[in-house]
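Quick notes on the structure that follows.
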Amino acid sequence: MTRIHVSTTVNGDATEFLCEPDETLLDVLRERLGLTGTKEGCGTGDCGACSVTIDGRLVCSCLVLAAEVAGCEVATIEGMADGDRLHPLQQKFLDHAALQCGICTPGFLVAAKALLDRNPDPTETEVRYWLAGNLCRCTGYDKIVRAVMDAAKEMRRA
Amino acid sequence: MRYEAPRSLKSAVALMAGARGSAHILAGGTDLLVRMRSGYAEPDLIVDIKHIDGMKSVVAEKGGWRIGAAVSGAEIGEHKGLCRAWPGVVEAANLIGSTQIQGRATMTGNLCNASPAADSVPALVAAGATVRIAGPKGRRDVAVEKVPTGPGKTSLKKGEIIASVFLPKRPARSGDAYLRFTPRSEMDIAVVGVGVSLSVNTKGVCTAARVALGAVAPTVLLVEPAARALVGTTLDETALEALAAACSKACRPIDDKRGTVEYRIRVAGVLARRAALIAYERAGGRK
Amino acid sequence: MALDKGFDQPRKFKVVGTRPLRPDGIDKVTGRARFGADMNAPGMLVGRILRSPHAHARIRGIDTSKAEKVPGVKAVVTRKDFPKPRPDLADIMDNVMAGRKALYDGHAVAAVAATSVHAARKALKAIKVDYEVLPHVTDVDEAMKKGAPLLHRGRSDETVPAGFSGNVMHRFEYGHGDVEKGFKQADLVIERHLKTAAAHQGYIEPHACLASVGPDGNAELWVCTQGHYMVRNTCAGLLGIDASRLRVTASEIGGGFGGKTTVFIEPVALMLSRKANKPVKIVMSREEVFRATGPTSSTSMTCKIGMKKDGTITAGLAELRYQGGAYPGSPVQYGAMACFAPYDLKNVKSIGYDVVTNRPKQAAYRAPGAPMGAYAVESVIDELCRKLGLDPLGVRLKNAAREGTRSSYGPTFNQIGLPATLEAAMRHPHWKAKLGKNQGRGVACGFWFNFGGDTCVSMNVTPDGTVTLTEGNPDIGGSRASMTMMAAEELGIPYDQVRTVIADTSSLGQNDVTDGSRVTFAVGLATIKAAREAIKICCERAAKVWGIDPDAVVWEDGHAKPAGPNAGKFPPMSLKEIAAIATNTGGPIAGHHEVNAEGAGVSFATHMVDVEVDPETGAVKVLRYTVFQDAGKAVHPSYVEGQFQGGAVQGIGWALNEEYIYGADGRLQNPGFLDYRIPVCSDLPMIDTVILEIPNPGHPYGVRGVGETSIVPPLAAIANAVSAAAGVRLTELPMSPPKVLKAIGAARA
Chain A
1 MTRIHVSTTV NGDATEFLCE PDETLLDVLR ERLGLTGTKE GCGTGDCGAC
51 SVTIDGRLVC SCLVLAAEVA GCEVATIEGM ADGDRLHPLQ QKFLDHAALQ
101 CGICTPGFLV AAKALLDRNP DPTETEVRYW LAGNLCRCTG YDKIVRAVMD
151 AAKEMRRA
Chain B
1001 MRYEAPRSLK SAVALMAGAR GSAHILAGGT DLLVRMRSGY AEPDLIVDIK
1051 HIDGMKSVVA EKGGWRIGAA VSGAEIGEHK GLCRAWPGVV EAANLIGSTQ
1101 IQGRATMTGN LCNASPAADS VPALVAAGAT VRIAGPKGRR DVAVEKVPTG
1151 PGKTSLKKGE IIASVFLPKR PARSGDAYLR FTPRSEMDIA VVGVGVSLSV
1201 NTKGVCTAAR VALGAVAPTV LLVEPAARAL VGTTLDETAL EALAAACSKA
1251 CRPIDDKRGT VEYRIRVAGV LARRAALIAY ERAGGRK
Chain C
2001 MALDKGFDQP RKFKVVGTRP LRPDGIDKVT GRARFGADMN APGMLVGRIL
2051 RSPHAHARIR GIDTSKAEKV PGVKAVVTRK DFPKPRPDLA DIMDNVMAGR
2101 KALYDGHAVA AVAATSVHAA RKALKAIKVD YEVLPHVTDV DEAMKKGAPL
2151 LHRGRSDETV PAGFSGNVMH RFEYGHGDVE KGFKQADLVI ERHLKTAAAH
2201 QGYIEPHACL ASVGPDGNAE LWVCTQGHYM VRNTCAGLLG IDASRLRVTA
2251 SEIGGGFGGK TTVFIEPVAL MLSRKANKPV KIVMSREEVF RATGPTSSTS
2301 MTCKIGMKKD GTITAGLAEL RYQGGAYPGS PVQYGAMACF APYDLKNVKS
2351 IGYDVVTNRP KQAAYRAPGA PMGAYAVESV IDELCRKLGL DPLGVRLKNA
2401 AREGTRSSYG PTFNQIGLPA TLEAAMRHPH WKAKLGKNQG RGVACGFWFN
2451 FGGDTCVSMN VTPDGTVTLT EGNPDIGGSR ASMTMMAAEE LGIPYDQVRT
2501 VIADTSSLGQ NDVTDGSRVT FAVGLATIKA AREAIKICCE RAAKVWGIDP
2551 DAVVWEDGHA KPAGPNAGKF PPMSLKEIAA IATNTGGPIA GHHEVNAEGA
2601 GVSFATHMVD VEVDPETGAV KVLRYTVFQD AGKAVHPSYV EGQFQGGAVQ
2651 GIGWALNEEY IYGADGRLQN PGFLDYRIPV CSDLPMIDTV ILEIPNPGHP
2701 YGVRGVGETS IVPPLAAIAN AVSAAAGVRL TELPMSPPKV LKAIGAARA
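Protein chains in written order, with the numbering used here: chain A, 1 to 158; chain B, 1001 to 1287; chain C, 2001 to 2749.
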């Protein structure tokens, strides 16, 4: 297999990498770019742990070929905080104890941010359906939903 | 494996037509990458069609809408014109997978994956949608129901690519709806899916209808007796009973991990009634 | 300084009971935390495992010669590479890598290490396994019948009566009194047969490890596990090396729920690394997790209970049959012990059969064995209440186990919280809320033992007076926060002046696995005692400075103070001040505690749930859910609530949709999150919680474990609610829509 040279933007930084044609974006982020905050829970798009955005659109990075992101803007959990200032969602996840083991947390945060970027005032039902592709096995989702609603409220005030 | 991202439909067709070994089209990739991961698909060539003009656009055409093959579910859901004209089709497209899957998955991919349980397909069939196929011998337009020929199989010939889906002009006083049954509220595969599209006259009498069922046979079923049960009625209880019975009768399902024969037959009728009533209300019928 | 009195008399806490941010929180919301698959090593190889496609097959031979020649392949391992295991590790060895037979779909048969994923995949394909396919059995009732395909020979023990197949490994029996006599005293006796499907823990992080074995015999292992000391001990045993040679570091862990309390890939990675002389990383795919780790048992149960018209339970009898997969050790014993534990019964008997089948060896799953038995007992009690027109909470309270009750499994309870949870449930607005059409409400109680076990912690006071706490149990849901809180509470210093670190296996003595809801109890206990040791030293140092007797120094609010006016008049010395002069007063200050912790304190819960059933599709929607549970003392209430909520939702999944589905060929049909349906966010309402605090006499602060009990009542609570809403009793889990619709149809026919 001939490797493909890809130029892209990851969390605002111009990035280049070589990848196999069948390599997923998830594998490139984790194995080639050292961005292990994006997790693999299933590899089949059923758990949302690998959520990232590409040009602002929420996707499972396990279902994207790395070669596809040439010229795109990829955003991962590592780019969510502004320096040492946490994003309100990150802060609210901590405040509400919305994580137990934490493996699903990056995916939830990236997905929740994509929601609030579009809809700053979601109902509980909207939050629940938007996040239905992110599996959490620890929390029963209660505190996650509360954290997202609370972050939305705070961001609306700001 | 080779990855190609051609800029024109012509070169995509040429790549597919000339490919040795297994060649796959990549648009959303939400089925293809899963199959690659499990080893069910081992492509020698992947042709990414997203960089071809028109593949990512929704354009008005003859009062209807032409939807490029690479338009994602999320983009369909965000398109006001589509939502107004064909809410049932949009709902069906938006039921495919999670928000993340919606960011990538396409109706054309849903159709070409040829799963009997594909959500968008019964809705498209009920809507009377067609697809435009580009191939080595030129273009052809085909009714959606003619594309899948069995689980995982389509009528597409070597080198042929579906370039777009066309939803016709929505007739006056008409509405469509799609309902599916899944054990979970999201992230699930239809155990039964029902698409209904119908028109009514000013008195609320149904003048035309199309009813399509998913996940109850090897391919999507266009159930004409079910449509006949509605035409000429105001969707009264007798008509709905007849609709449900016609749908249940048309089912040729299997027992599998997702549902039983008995269950699918029963629920096909139940969902058909519910979907018909939603479509009827959208068409401006009373109820 | 009288420090060791077990439970301290009620005290006013400063840190315990508050809700500080967890110390590992920032790492976990920014993606910095390193989980099992996040570690790499220079020169690392990719390890992959070949698995049996057959449910039961004799392995006549394995030809790895072609695989070894694949470019990039550095090692191939089969069972032959491992030494003959010690008898106590024989089943674990065989499960890690099949020997004579493959016993289930997914059973590991060989492994490779290669320089790339592609090479590893190619090598797996090149391995030729010569299988002789044998008849298989996956259903527990079928497996018990004479003439069933046998997995092992000569493993049934003397407790198993004649008439059963050789797949029945052991029979357990618990109880007291005379159940037959008790049934005669009853006004109504109901007997039901019930079944539950195998459920998987469903942790989102697949098993992952990175192994590095040097030619000098020293080995390193980085792994996501609930117990790295267990991993060390087991792997050292399987590889035939000294435990001290193997250093295991626990990564952050992405969920376990009991499923990461044994080894699967770790010994394989170590063996590959030893053979290749390079680091080897193995990460399971989700499909491997479902096919080849340890789901819980599927069960078949018979439960018979007699009740008087006034609600008195006169007798209870349960026969539990649990298949635990391919090797002995299903949790049926716990099921049999726990199923009647919430009640004070004169006549009670529970029998358990441990059965093997051609399925993956079960692993612990949150209160292992208890939810199924509780499902049987609590379903029959509910039906009795309905038929006799009795209040299901009132009946449970009337029969509830209390302090002094002789439990159904033997011991007599001390201070316990079941009545408190029932009373709280009766008072709660949920109990009085109106129900609509097709809606039903269910309640159920649950019990879990809670464990203690081997625990070793080390607390060190740094020269600047801040404190590091070193413990040996992976933080699976916020335990660093609770340990830090208990350390800060005891020392009388702020929460942010203690840092808790999870040590590798070379840094502390033996620590049991993070299981049995033991960590907050046992590690907390050891932390408090280690703090007390450090305090004792601090007091001695202050005494030295002041030139008074150490017994005349007390520790209050983080300061050493003279005990009274007779001790002398000295200004209090803070921990900071004492630490600053430690070099001159005797050297570093530290506290340790090593203990096999006893007195864990049993735990009870009552759950209440409302559901709506769609009578046309059989779909069940959970509308409202409230958990009432005794926490002893909630150290960090947010994480206690989280345990309640998480357990309840796992129970909801188990009750409604989750199941291992095997085909006629014995292969697992749903090894993925699409068709193994754990609840998603949009399936659920908020999960309300009520924390009761009935102190555990065995812990200085009264703490009881809270992690597991919350999964015990939901199966029955939901079954009772669905039965009420549907108007027909359901006796098989999961209550998936086809089953519910069929039951409704049958009841109406």
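Even for Gly, the Cβ is constructed at its ideal location relative to N, Cα and C.
- Interface residues of chain C around Gly1077 of chain B at Cβ under 9 Å? Along the second sequence, read from residue 1 onward, the residue named residue 1077 of chain B stands at position 77. Those do not exist, as Gly1077 of chain B stays about 16 Å from chain C at its closest Cβ, beyond 9 Å.
Exercise. Near Gly43 of chain A, what residues of its chain come up, given a Cβ to Cβ distance below 6 Å and the 5 sequence neighbours on each side ignored?
Worked result: Mapped onto the first sequence, residue 43 of chain A falls at position 43. Only Cys62 meet the Cβ criterion.
Worksheet item: Considering only residues of the same chain and omitting the five flanking positions on each side of Gly140 of chain A, which have a CB-CB separation below 6 Å?
Response: Along the first sequence, read from residue 1 onward, the residue named residue 140 of chain A stands at position 140. In the same chain as Gly140 of chain A, and ignoring 5 residues on each side of it, no C-beta atom comes closer than 6 Å to its own.
For a cutoff of 8 Å on Cβ pairs, would you count Asn2670 of chain C as touching chain B?
Within the third sequence, the letter at position 670 stands for residue 2670 of chain C. Cβ-Cβ to chain B under 8 Å: yes for Asn2670 of chain C.
- So, does the CB of Cys60 of chain A fall closer than 8 Å to a CB anywhere in chain B? Residue mapping note: residue 60 of chain A aligns to position 60 of the first sequence, counting from 1. True, the Cβ-Cβ gap to chain B drops below 8 Å.
Checklist line | Endpoints, the alpha helix (DSSP H) within which Asp2454 of chain C is located | finding: Numbered from 1 along the third sequence, position 454 holds the residue referred to as residue 2454 of chain C. Element bounds for Asp2454 of chain C: not the alpha helix (DSSP H) but the beta strand (DSSP E), Gly2453 to Val2461.
DSSP three-state call for Leu99 of chain A: helix, strand or coil?
Taking the first residue of the first sequence as 1, we reach residue 99 of chain A at position 99. Residue state, collapsed to three classes: coil.
Which residues does DSSP list as the beta-bridge partners of Ser1072 of chain B?
Translated into positions along the second sequence, residue 1072 of chain B becomes position 72. Ser1072 of chain B is bridged to B:Thr1106.
Inset, instruction - Tell me whether Pro1087 of chain B sits in a helix, a strand or coil according to DSSP, three-state version. - result: On the second sequence, position 87 is the one that residue 1087 of chain B refers to. In the structure shown, Pro1087 of chain B sits in a helix (DSSP, three-state: H, G or I).
Per-residue DSSP class, three states only, for His2559 of chain C
For this step, residue 2559 of chain C is matched to residue 559 along the third sequence. In the structure shown, His2559 of chain C sits in a strand (DSSP, three-state: E or B).
Q. Since Asn2399 of chain C is in the alpha helix (DSSP H), which residue starts that stretch and which ends it?
A. Residue mapping note: residue 2399 of chain C aligns to position 399 of the third sequence, counting from 1. Unbroken alpha helix (DSSP H) run through Asn2399 of chain C: Pro2392 to Asn2399.
Inset, instruction - Determine the chain A residues that contact Ser2638 of chain C at a beta-carbon separation under 8 Å, and present them in chain order. - result: Numbered from its first residue, the third sequence carries residue 2638 of chain C at position 638. By Cβ distance, chain A contributes His96, Ala97 and Lys143.
What residue does the alpha helix (DSSP H) around Phe2183 of chain C start on, and which one ends it? Counted from its first residue, the third sequence places residue 2183 of chain C at position 183. DSSP places Phe2183 of chain C inside the alpha helix (DSSP H), whose first and last residues are Val2179 to Gln2185.
- Task: Measure the alpha-carbon distance for Gly2453 of chain C versus Asn2696 of chain C and round it to whole angstroms.
- Result: For the purposes of this step, residue 2453 of chain C is taken as residue 453 along the third sequence, with counting starting at 1. For the purposes of this step, residue 2696 of chain C is taken as residue 696 along the third sequence, with counting starting at 1. The straight-line gap from Cα to Cα measures roughly 16 Å.
- [ ] Give the secondary structure of His2228 of chain C by DSSP, where H, G and I count as helix, E and B as strand, and everything else as coil.
- [x] Here the question's residue 2228 of chain C lines up with position 228 in the third sequence. The three-state secondary structure of His2228 of chain C, taken from DSSP, is helix.
Item to check | Length of the line joining the Cα atoms of Arg3 of chain A and Pro21 of chain A | outcome: Counting from 1 along the first sequence, the entry for residue 3 of chain A is found at position 3. Counting from 1 along the first sequence, the entry for residue 21 of chain A is found at position 21. If you take the alpha carbons of Arg3 of chain A and Pro21 of chain A, they lie about 6 Å apart.
Does the separation of the CB atoms of Phe2451 of chain C and Asp2354 of chain C fall below 8 Å? Stepping through the third sequence from its first residue, residue 2451 of chain C is reached at position 451. Stepping through the third sequence from its first residue, residue 2354 of chain C is reached at position 354. Taking 8 Å as the Cβ cut-off, Phe2451 of chain C and Asp2354 of chain C do not qualify as a contacting pair.
According to DSSP, is Asp1053 of chain B helix, strand or coil? Taking the first residue of the second sequence as position 1, residue 1053 of chain B is located at position 53. Coil.
Between the CA atoms of Gln2323 of chain C and Thr2299 of chain C - distance to the nearest angstrom: What you label residue 2299 of chain C is simply residue 299 of the third sequence in a count that begins at 1. What you label residue 2323 of chain C is simply residue 323 of the third sequence in a count that begins at 1. Cα to Cα, Thr2299 of chain C sits roughly 6 Å from Gln2323 of chain C.
Cutting at 8 Å between CB atoms, please list the residues of its own chain near Leu2668 of chain C, excluding the five before and the five after it.
In the third sequence, counting from the first residue as 1, residue 2668 of chain C sits at position 668. Asp2105, Gly2106, Phe2290, Arg2291, Tyr2660, Ile2661 and Tyr2662, listed in sequence order.
Checklist entry - From Cys50 of chain A to Phe108 of chain A, what does the alpha carbon distance come to, in whole angstroms? => result Position 50 of the first sequence, counted from the start, is the residue given in the question as residue 50 of chain A. Position 108 of the first sequence, counted from the start, is the residue given in the question as residue 108 of chain A. Rounded to whole angstroms, Cys50 of chain A to Phe108 of chain A spans 9 Å at the Cα level.
Check your understanding: Which residues in chain B sit within 7 Å of Ala57 of chain A, going by Cβ to Cβ distance?
Key -> Along the first sequence, one-based indexing puts residue 57 of chain A at 57. The identity of residue 57 of chain A in the sequence shown is Arg, whereas the question assumes Ala. Result: Ala1074 and Gly1103.
- Task: Measure from the C-beta of Leu29 of chain A to each C-beta in chain B and report whether the shortest distance is under 8 Å.
- Result: In the first sequence, counting from the first residue as 1, residue 29 of chain A sits at position 29. No, no contact with chain B.
| 7 Å CB neighbourhood of Leu2003 of chain C in its chain, flanking five on each side removed | The residue given as residue 2003 of chain C occupies position 3 in the third sequence. The pLDDT assigned to Leu2003 of chain C is 43, lower than 50, so where the model puts this residue is not dependable; a value taken from the coordinates is nonetheless given after this. Sequence-distant partners of Leu2003 of chain C (beyond 5 residues in either direction) whose C-beta falls short of 7 Å from its own C-beta, in its chain, are Arg2532.
* Throw me the rounded Cβ distance for the Ser2482 of chain C and Val2635 of chain C pair, which I believe falls under 8 Å. => Taking the first residue of the third sequence as 1, we reach residue 2482 of chain C at position 482. Taking the first residue of the third sequence as 1, we reach residue 2635 of chain C at position 635. With a Cβ gap of about 4 Å, Ser2482 of chain C and Val2635 of chain C count as contacting.
**Report entry** Separation of Gly2599 of chain C from Lys2308 of chain C, as counted between CA atoms
**Finding:** Mapped onto the third sequence, residue 2308 of chain C falls at position 308. Mapped onto the third sequence, residue 2599 of chain C falls at position 599. Near 35 Å, if we compare the C-alpha coordinates of Gly2599 of chain C and Lys2308 of chain C.
Margin query: Is Asp2139 of chain C close to chain B? Criterion is C-beta to C-beta, closer than 8 Å.
Written below: The residue you call residue 2139 of chain C lines up with position 139 of the third sequence. Answer no: the Cβ-Cβ gap between Asp2139 of chain C and chain B never drops below 8 Å.
Run through chain A and tell me which residues come within less than 9 Å of Leu2674 of chain C, C-beta to C-beta. Walking along the third sequence from the start, residue 2674 of chain C turns up at place 674. Simply Cys42, Thr44, Gly45 and Asp46.
Can you tell me whether Ala1172 of chain B is buried or exposed? The criterion is at least 16 other CB atoms within 10 Å of its CB, across all chains shown.
Taking the second sequence and counting its residues from 1, the one referred to as residue 1172 of chain B is at position 172. Ala1172 of chain B should be labelled exposed.
(Q) Alpha carbons only, please: which of C:Ala2655, C:Pro2637 and C:Val2595 is nearest the one belonging to Lys2621 of chain C? (A) Here residue 2621 of chain C corresponds to residue number 621 of the third sequence, with the count starting at 1. Of the candidates C:Ala2655, C:Pro2637 and C:Val2595, the one whose C-alpha sits nearest the C-alpha of Lys2621 of chain C is C:Ala2655.
- Neighbour flag for Asp1048 of chain B against chain A, beta carbons, 8 Å: Position 48 of the second sequence, counted from the first residue, corresponds to residue 1048 of chain B. It does; some Cβ of chain A falls within 8 Å.
* **Candidates A:Trp130, A:Arg137 and A:Cys136, of which the one nearest Met149 of chain A by Cα** => Here residue 149 of chain A corresponds to residue number 149 of the first sequence, with the count starting at 1. Per the Cα distances, A:Trp130.
Chain B partners of Thr2617 of chain C, CB-CB under 7 Å? Stepping through the third sequence from its first residue, residue 2617 of chain C is reached at position 617. Simply Phe1181, Val1267 and Val1270.
For Lys2028 of chain C and chain A, any beta-carbon pair shorter than 8 Å?
-> Your numbering for residue 2028 of chain C matches position 28 in the third sequence. So, interface residue.
* To do: Could you check how far apart the C-beta atoms of Cys2445 of chain C and Leu2418 of chain C are, in whole angstroms? I think they sit under 8 Å.
  => Stepping through the third sequence from its first residue, residue 2445 of chain C is reached at position 445. Stepping through the third sequence from its first residue, residue 2418 of chain C is reached at position 418. Confirmed, about 7 Å.
**Q.** DSSP bridge partner residues for Lys2128 of chain C (one or two, in chain order)
**A.** Residue numbering aside, residue 2128 of chain C sits at position 128 when the third sequence is read from its first letter. In the DSSP output, where bridge partners are listed per residue, Lys2128 of chain C has C:Asp2063.
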